[in-house]
Amino acid sequence: MQLGKSRVLALLAAASIVASACGSSSASPTPGATPVPGTPAPNATPAPATPTPAASATGLPATDSTVYPREQTLYTSGKQWGAPSTWNPLDPNMAMGVLGLQYETLFLYDPIKDVYTPWLASGGDWDSAKTTYTIHVRQGVTWSDGSAFTADDVAFSINLAQNKALGSNLFDYVTSAAASGNDVVVKFKANPAYQEWAQWLYNSPIVNAKIWTPFNNADILKNLNMNGVGTGPYTFKTAAQDRMVWVKNPKWWATAALNLNVAPTYIVDIVNSSNNVALGQLLSGGLDLDNNYLPGIAQIVNGGYNVTTYYAGAPYMLSGNTAWLVPNTKKKPLDDPAFRKALAEAINPQNVVVKDYGNIVAAADPTGLLPVWSKYIDAAEVKSLGATFSTAKAKADLAAAGYKVGSDGFVTNKDGSAIKLNLEVPDGWSDWMQAETLIAADAKLAGININPTHPDYNTVVADRNGTDKAAPVFDLVINNDVQIGNTPWTYYDYIFRQPEIAAGPARNRNYEQYDNATAWALVQKLDQTPVEDTATMKTICSQLQKIQLTDTPIIPLWYNGEWSQVSNNVWTNWPSDKGAQIQPATWNGYWQMGAIYMLTNLKAVPKS
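Using the numbering used here, read the sequence shown as starting at 1009 and increasing by one per residue.
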């Protein structure tokens, strides 16, 4: 398999840094006219684009008072939930745009079309044994300081994964990476983790070897890297407590090489505050693109406000991740697959879709695989084993499994003890709080007693993950960690990972604590399957789905939206299903999944 110079159907990514999507913020939106602080007047004169001197994040000013010409400036929001604190592209907490606008990856991956595009690489190919991968480094690329981009930079960036402070497992299956002329030769152990390598190629930043060599030590993440040197279409302009500002790089390599030109001269990303403020900013024209969850957006889209979404009608949003009900399989009765299956049958996801989200999301397939992975869904297994909503069937299956109804109308444990399951979501996540109420009401009709709770976020995480001294204590939680990407391997690794990561802050997989050696072996086999071998991938996914749909270790509910609401007052030609079908989000990981093309497609609205 080769990754050619135009459109490619092969390899990529391993992704320590992926997109963030959220439950929501707490406030209910009210249409209003709250302006973005510092929003400039039209036709303002831009300030000189001189970079701000490096400073600690805590020393950032409250806001940037610079007035930017409105017709040249894109105002965004949705990624930042606090002041920008680091511009280190190796840190998952990096400011919006560090990876994608400033630093770039070897390839892009388009999940809508399932296509890989060479980017900082002009291509890449495996040898016949598929244990050596050669990266062909694109020529003519320069860093933003004017220095040449070389194969040494690529080899250095790969070898950075050996720095234990970064927590990468790349060298669990890679043995070496070395520059050879304009190529980089990467050698692998037997049975490489092809799926992870494929993800690494489109998710991992390439950095300047000369600049970063002194930082390659245990303190590498302490380098805040403000005003860093990248290859991307934007460079650091300034930052403040309430925003991150990027300015166009006039020497971006892709303009000459690929005839691409990003339209906005400036990108000002506003730190998230609340739903009502964000909605007011969008309606007033103070925001052009908002990637927050905004309740009631369907009414806004249809209300003549010049606000649009990816789809003109339901579900309005692309699907960005799956929201599951996660049971603690170490607790009774959730340790019983029959009970978990009945619980899945008792819940009507469509209630959440309609009553909670107002049709801006879609109900999940019983496998939970996102629409971009639909070709990997075994329809026959779903029809045979998949849980579908039926209160009557849930009741019948509970009775058949030995769960009797007590005097209070709820089923009891097989020993006659009461069942009361606490369902936790973070306080203030208004959409999920409504969802848990609807889930509890559905479950009650089938005789399952669920108590909706919403402690603070840190408590939910501690209950779900456990602590260094105690195992997880939750009964049920809602979670949505796995984002769209090039392979369903990430999804199954999340569900079935073995051995379980020890309880505590590092726990980030298999929260349900489900043990199945056969499933884990299949996940590893999937990882060791080249991404172009879709036939084998489908076979393995089918086997995993049979296990998942039989044992119900996790219960898919709905597809959380890739929240994206845009104003057409200043900029137009946004991504949509009727236009440019590309990613419309500023979240980490999305720029290199094609969202960068959003900036090259945008057009300024002519002045009236």
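The C-beta atom is built at its ideal place from N, Cα and C for all residues, glycine as well. This structure is a prediction, so every number in the text was calculated from the model and none was measured.
Burial state of residue i (16 or more Cβ within 10 Å)
i     : result
K1356 : In the sequence under discussion, the amino acid at residue 1356 is Asn, which differs from the Lys named in the question. N1356 comes out buried.
T1526 : exposed
S1513 : Here residue 1513 turns out to be Pro, not Ser, going by the sequence shown. The residue in question, P1513, is exposed, as its Cβ has fewer than 16 Cβ neighbours within 10 Å.
G1293 : buried
K1340 : exposed
T1183 : exposed
Q1553 : buried
V1468 : buried
G1090 : exposed
K1245 : buried
K1617 : Outside the shown range of the chain (1009 to 1616) lies residue 1617, about which nothing can therefore be said.
V1194 : buried
D1099 : buried
V1413 : exposed
T1396 : exposed
G1424 : exposed
K1586 : exposed
Y1277 : Reading off the sequence shown, one finds Asp at residue 1277, where the question assumed Tyr. Per the 10 Å Cβ criterion, buried.
Q1170 : exposed
G1455 : buried
S1130 : buried
G1312 : exposed
C1030 : Note that C1030 has pLDDT 43, beneath the 50 cutoff, so the model's placement of it is unreliable and no number is given.
K1391 : exposed
D1616 : Note that residue 1616 corresponds to Ser in the displayed sequence, not to Asp. That one is exposed.
G1288 : buried
T1558 : exposed
S1188 : exposed
Q1003 : In this structure the chain extends from 1009 to 1616, so residue 1003 is not present and cannot be described.
Residue(s) in a DSSP beta bridge with residue i
i     : result
D1277 : T1084, M1252
F1115 : P1126
T1580 : K1611
D1464 : According to DSSP, which records beta bridges pairwise, D1464 is partnered with nothing at all.
D1569 : A small fix is needed here, since residue 1569 is Gly in this sequence, not Asp. DSSP output for G1569 lists S1327 as bridge partner(s).
E1432 : T1461, V1485
S976  : As displayed, the chain neither begins before 1009 nor continues past 1616, which places residue 976 out of reach and without an answer.
L1297 : T1084, V1574
L1242 : The displayed chain sequence assigns Tyr, not Leu, to residue 1242. Y1242 pairs with K1256.
P1335 : L1484
A1247 : M1252
A1156 : T1150
Q1491 : N1329
T1317 : None; T1317 has no bridge partner.
L1107 : Y1111
CB-CB length for residue i against residue j, believed under 8 Å
i     : j     : result
V1578 : A1612 : 7 Å
A1443 : I1486 : 7 Å
D1471 : E1520 : Going by Cβ atoms, the distance from D1471 to E1520 rounds to 13 Å, so no, they are not a contact pair.
N1257 : T1243 : 5 Å
T1113 : Y1210 : 5 Å
V1162 : V1192 : 5 Å
V1539 : Y1202 : 6 Å
V1419 : I1492 : Not quite, the Cβ-Cβ distance comes to about 37 Å (not below 8 Å), so this is no contact.
P1434 : H1462 : 7 Å
N1224 : L1178 : About 15 Å separates the two Cβ atoms, so there is no contact after all.
G1238 : Y1111 : 4 Å
L1406 : A1352 : Between A1352 and L1406 the Cβ distance is about 12 Å, and since that is not below 8 Å, they are no contact.
W1595 : L1107 : With a Cβ gap of about 11 Å, W1595 and L1107 do not count as contacting.
G1474 : R1515 : 7 Å
N1299 : A1593 : 5 Å
N1524 : I1555 : 6 Å
W1261 : V1149 : 4 Å
Any C-beta of chain D under 9 Å from that of residue i
i     : result
I1563 : No chain D appears in this structure, which consists of one protein chain only.
Practice problem: Decide yes or no for the touch test of the segment 1152-1165 against the segment 1207-1224: beta carbon pairs closer than 8 Å, at least 3 of them. | Solution: yes
Practice problem: Give a yes or no on contact between the segment 1303-1319 and the segment 1567-1576, applying the rule of three or more CB pairs nearer than 8 Å. | Solution: yes
Practice problem: Tell me, please, whether the segment 1468-1488 touches the segment 1332-1346 by the rule of three or more beta-carbon pairs shorter than 8 Å. | Solution: yes
Quiz item: Would the segment 1076-1086 and the segment 1271-1283 be scored as touching if the rule is three or more Cβ pairs under 8 Å?
Solution: yes
Quiz prompt | 3-residue-minimum beta strand (DSSP E) runs that sit fully inside the segment 1402-1428, ordered along the chain | solution = none
Quiz item: Which runs of the alpha helix (DSSP H) fall wholly inside the segment 1353-1410 and span at least 4 residues, in chain order?
Solution: 1387-1393, 1399-1408
Quiz item: Whole alpha helix (DSSP H) runs in the segment 1513-1564 with 4 or more residues, listed along the chain?
Solution: 1525-1535, 1542-1559
Self-check item: Three CB pairs or more closer than 8 Å across the segment 1498-1507 and the segment 1530-1542
Solution: yes
Practice problem: Indicate whether the contact test is met: 3 or more Cβ pairs, each with one atom in the segment 1372-1379 and one in the segment 1310-1323, closer than 8 Å. | Solution: no
Quiz item: Given 8 Å as the limit, is there contact between the segment 1133-1141 and the segment 1264-1272, that is, 3 or more CB pairs closer than that?
Solution: no
Practice problem: May I have a chain-ordered list of the beta strand (DSSP E) segments no shorter than 3 residues that lie completely inside the segment 1162-1211? | Solution: 1182-1188, 1191-1196
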